[in-house]
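K.L.:
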Amino acid sequence: MRYAIQWIRSLLFSIQMYIMMPLMALVYLPFAFFTYKAVFAYIKAYANYCRWTLRWIAGVKTEVRGEIPTDECLIAAKHQSFLDVILIVSVATNPRFIIKRELHMMPIFHFFGSRMGN
């Protein structure tokens with residue numbers, strides 16, 4: 004029974020995460036045409052929202068260990084899931100990413116990614 008509840012909570016988190024991505028993008032879209040800061044504000048808001056709902060809906064706690072770099076640095080993380088990027092964005096000050104070509108075929112990723120210089 005416990006695993007069924009966990010599965011349902013995970014499913015609810017995933018559904019709302021993918022629903023909120025385009026909805027939040029629509030709110031920030033007009034501003035994204037003008038400044039990089041608006042693009043980053045959308046990405047940061049979405050990442051913080053996902054981190055909060057991950058805890059609230061799915062019951063997953065996140066933890067940051069060590070100091071978060073404030074200067075330019077390279078984070079070479081072993082990619083485990085879609086949430087890796089979201090969690091890094093939620094704690095980083097000004098992240099840049101190298102993304103694979105296939106993500107440029109997705110409209111939201113392509114638009115905001117190209118505005119960030121990825």
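For the sequence shown, this note's numbering begins at 4 and goes up steadily by one.
Beta carbons: idealized from backbone N, C-alpha and C, even for Gly.
Note that this is a predicted model, so its numbers are computed, not measured.
For VAL42, is the classification buried or exposed, using 16 other Cβ atoms within 10 angstroms of its Cβ as the cut-off for buried?
P.N.:
Buried.
K.L.:
Pairs of beta-carbons, one from the segment 56-70 and one from the segment 12-28, closer than 8 Å: are there three or more?
P.N.:
Touching, per the Cβ criterion.
K.L.:
Report yes if the C-beta distance between PRO35 and PHE115 is below 8 Å; otherwise report no.
P.N.:
According to the sequence provided, residue 35 is Ala. The question's Pro does not apply to it. A contact, by the Cβ cut-off of 8 Å.
K.L.:
Just mark ILE101 as buried or exposed, buried being the case when its beta carbon has 16 or more other beta carbons within 10 Å.
P.N.:
So ILE101 counts as exposed.
K.L.:
Cα-Cα, which of ALA61, LEU77 and ILE91 is closest to GLN83?
P.N.:
Answer by Cα proximity: ILE91.
K.L.:
Does DSSP classify GLY69 as helix, strand or coil?
P.N.:
If DSSP states are grouped into helix, strand and coil, GLY69 belongs with coil.
K.L.:
Leaving out the 5 sequence neighbours to the left and right, which residues in its chain are closer than 7 Å to THR96 when beta-carbon positions are compared?
P.N.:
The answer, listed in chain order, is THR73.
K.L.:
Does ASP74 come out as helix, strand or coil in the three-state DSSP assignment?
P.N.:
Looking at ASP74 - three-state DSSP - the assignment turns out to be coil, as it is neither helix nor strand.
K.L.:
Applying the criterion that 16 or more other CB atoms from any shown protein chain within 10 Å of the CB defines a buried residue, is SER117 buried or exposed?
P.N.:
Exposed, because fewer than 16 other Cβ atoms sit within 10 Å of the Cβ of SER117.
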